[in-house]
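Residue numbers (my numbering): 24 to 201.
By construction, the Cβ of each residue, glycine as well, lies at the ideal position given by its N, Cα and C atoms.
So this is what it looks like as structure tokens:
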């Protein structure tokens, strides 16, 4: 299952719109929304807040969960509207045979923040997680197959992160083998 990250301006199934995004990270210059951020709902004419629900790989910013596709808007509507993404660049992929998280670590200075000017470039690193417990796989050997077919090898760090894949001008699909 794939769940896309919610950003400022994302919509809901009731026609609402995410009005605040307090995450310190951005996707293509658009701030990432977190649990508790505001959502305007025209259906019930109220302002709701994002409530994170459903399966997810733990991803936090400023102590709050990053909002994902199908999280809820807690307005006056019943049932609560679901959040819909407006971007398809960043997501969490939950699989039966292992999981990897595309992650931009907000505390890592090697990632640009909201105020940092940047051109169209893409770099990623991933968190390797145990399929059953969700715990990071620390000091685990892995292989990355880039879109070009190039192989890269490494060992995850003490937090389960892979190395930072080199910057590319266009997004690419990669495969990770643990």
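Since I believe residue j is in contact with residue i (beta carbons under 8 Å), could you give me their beta-carbon distance rounded to a whole number of angstroms?
i, j, result
"residue 117", "residue 24", "5 Å"
"residue 204", "residue 36", "Outside the displayed span of the chain (24 to 201) sits residue 204, for which this structure offers no information."
"residue 94", "residue 76", "6 Å"
"residue 178", "residue 164", "5 Å"
Need the endpoints of the beta strand (DSSP E) that residue i sits in, please.
i, result
"residue 115", "114–116"
"residue 25", "25–27"
"residue 198", "198–200"
"residue 148", "148–152"
Determine which residues share a DSSP beta bridge with residue i and list them.
i, result
"residue 178", "164"
"residue 67", "Looking at the DSSP assignment, residue 67 forms no beta bridge with any residue, so it has no partner."
"residue 55", "30"
"residue 61", "72"
Enumerate in chain order the residues of its own chain whose CB-to-CB distance from residue i is below 7 Å, with the five nearest sequence positions on each side excluded.
i, result
"residue 107", "33, 34, 35, 36, 92"
"residue 50", "28, 30, 110, 112, 113"
"residue 168", "174, 197, 198"
"residue 97", "71, 72, 74, 103"
"residue 100", "37, 64, 66, 67"
Does residue i come out as helix, strand or coil in the three-state DSSP assignment?
i, result
"residue 84", "strand"
"residue 34", "strand"
"residue 105", "strand"
"residue 78", "coil"
"residue 50", "strand"
"residue 95", "strand"
"residue 73", "strand"
"residue 171", "coil"
"residue 90", "coil"
Using only the heavy atoms of the ligand SAM, determine whether one of them is closer than 7 Å to the beta carbon of residue i.
i, result
"residue 153", "Annotation note on the ligand SAM: not contained in the displayed structure, which lists no ligands."
Is residue i close to chain B, meaning its C-beta is less than 8 Å from at least one C-beta of that chain?
i, result
"residue 75", "The displayed structure is made up of one protein chain only, and chain B is not part of it."
Can you find the residues in the same chain that come closer than 8 Å, C-beta to C-beta, to residue i, ignoring five residues on each side of it along the sequence?
i, result
"residue 83", "89"
"residue 161", "179, 180, 181, 182, 183"
"residue 81", "88, 157"
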